[in-house]
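Q: I'd like to ask some things about the structure below.
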Amino acid sequence: MSKEKVDFWVMPQLNNLELLHATYVNHTFTKHIHDGFALGVIEQGALRFSYKGETLTASPGCINLVIPGEAHDGFAASDEGWTYRMFYLESKLLEQVVYDMSGKIHKIPYFKAGVIQDTYLANVIRNLHLFLEDASVSLVEQESLLLAMLTEFISRYAEERYCIKSVGQETMGVNLTREYIEDNYTKNLSIKELSAVCHLSPYHLIRVFHKCIGVPPHIYLKQVRIKRAKELLAKGFSMAFIANEVGFVDQSHFTKQFKQITGITPKKYSNIIQEIFTEKVKMK
Numbered sequence: 191m192s193k194e195k196v197d198f199w200v201m202p203q204l205n206n207l208e209l210l211h212a213t214y215v216n217h218t219f220t221k222h223i224h225d226g227f228a229l230g231v232i233e234q235g236a237l238r239f240s241y242k243g244e245t246l247t248a249s250p251g252c253i254n255l256v257i258p259g260e261a262h263d264g265f266a267a268s269d270e271g272w273t274y275r276m277f278y279l280e281s282k283l284l285e286q287v288v289y290d291m292s293g294k295i296h297k298i299p300y301f302k303a304g305v306i307q308d309t310y311l312a313n314v315i316r317n318l319h320l321f322l323e324d325a326s327v328s329l330v331e332q333e334s335l336l337l338a339m340l341t342e343f344i345s346r347y348a349e350e351r352y353c354i355k356s357v358g359q360e361t362m363g364v365n366l367t368r369e370y371i372e373d374n375y376t377k378n379l380s381i382k383e384l385s386a387v388c389h390l391s392p393y394h395l396i397r398v399f400h401k402c403i404g405v406p407p408h409i410y411l412k413q414v415r416i417k418r419a420k421e422l423l424a425k426g427f428s429m430a431f432i433a434n435e436v437g438f439v440d441q442s443h444f445t446k447q448f449k450q451i452t453g454i455t456p457k458k459y460s461n462i463i464q465e466i467f468t469e470k471v472k473m474k
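What follows is the structure, given as structure tokens:
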């Protein structure tokens, strides 16, 4: 690494989530505090920072964390600097996740460590960050995966151990959610919207829906869209029309999502269906 590079963006739809992907070589952060949580993963090089009376070093694969109101600085621990991916999360978001997990109001979760070595969680955090770079990802999927990451993080490293609500059948809530998705699949649905429909918390909805249906809501939404797309492909509609009709961002996004579910491109599927239809006509 030799060049410093900074990409920063905000996602208002995710509680004003701020994201940073940066490479720093000569830059030094002077001592400062955050109102919310700063959570990230080191990709290359090494970051050193003063935190809670210690000097910590985060190397590749390490999770670095700063809690609200805790003074810290930041500088390179190697000549090559460091590259990392950061989430800046409002405190109320983690407070809400804890409430959804436990069904009870708790204070903001506290985390002791500033550097965490956990390969699995580091990969979850990094993969989510990469995933959120894709503007075509549906809102319900963004929310679901962010919630899953924060739940994993809190469950593993919060000082307080929260009693997680058990998952029941909640058949009525699941059916209401499924019907709502099937009736509104063209919209950019959110997990909050689905939660309001079935009167379950977002966290509990995802778990109970997954248990009853076999997939979480965002995957079910994708499958409903693909099913409708197949029907339109069989009728000979264009790819661009179908992409817009069933709720995908564009034709490229439609093709990618279709292949993920079916294993073939929509064009290939359309050609096969049209060949079968032609053969049937010839046989008459």
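Each step along the sequence shown adds one to the number in the numbering used here, with nothing skipped, and position 77 is 267. Glycine is no exception: its CB is placed at the ideal position from the N, C-alpha and C atoms.
Going by alpha carbons, who is nearest to ASN317 out of ILE232, PHE448, PRO407?
A: Comparing Cα-Cα distances from ASN317 to each of ILE232, PHE448, PRO407, the minimum goes to ILE232.
Q: Using the beta-carbon count (16 or more within 10 Å), is ILE257 buried or exposed?
A: Its Cβ being crowded by 16 or more others within 10 Å, ILE257 is buried.
Q: How about the segment 357-371 and the segment 388-400: do they share at least three Cβ pairs that are nearer than 8 Å?
A: Yes, the segment 357-371 touches the segment 388-400.
Q: Could you check if ILE466 is buried or exposed, using at least 16 other CB atoms within 10 Å of its CB as the buried criterion?
A: Under this definition ILE466 is an exposed residue.
Q: Assign ASP197 to buried or exposed, taking buried as 16 or more other Cβ atoms, counted over all protein chains shown, within 10 Å of its Cβ.
A: Exposed is the call here.
Q: Bridge partners for ASP197 per DSSP, in chain order?
A: HIS211.
Q: Using the rule of at least 16 other Cβ atoms within 10 Å of the residue's Cβ for burial, across every protein chain shown, is LYS412 buried or exposed?
A: Classification of LYS412: buried, given that the 10 Å Cβ count is 16 or more.
Q: When the distance is taken between beta carbons, is LYS221 closer than 9 Å to SER249?
A: Result no, Cβ atoms of SER249 and LYS221 do not sit closer than 9 Å.
Q: Taking all protein chains shown into account, decide if GLY243 is buried (16 or more other Cβ within 10 angstroms of its Cβ) or exposed.
A: Classification of GLY243: exposed, given that the 10 Å Cβ count is below 16.
Q: Mind checking which residues open and close the beta strand (DSSP E) that includes PHE219?
A: Note, PHE219: beta strand (DSSP E), 219-222.
Q: I'd like to know whether the C-beta atoms of HIS217 and GLY271 end up nearer to each other than 9 Å.
A: Contact: yes.
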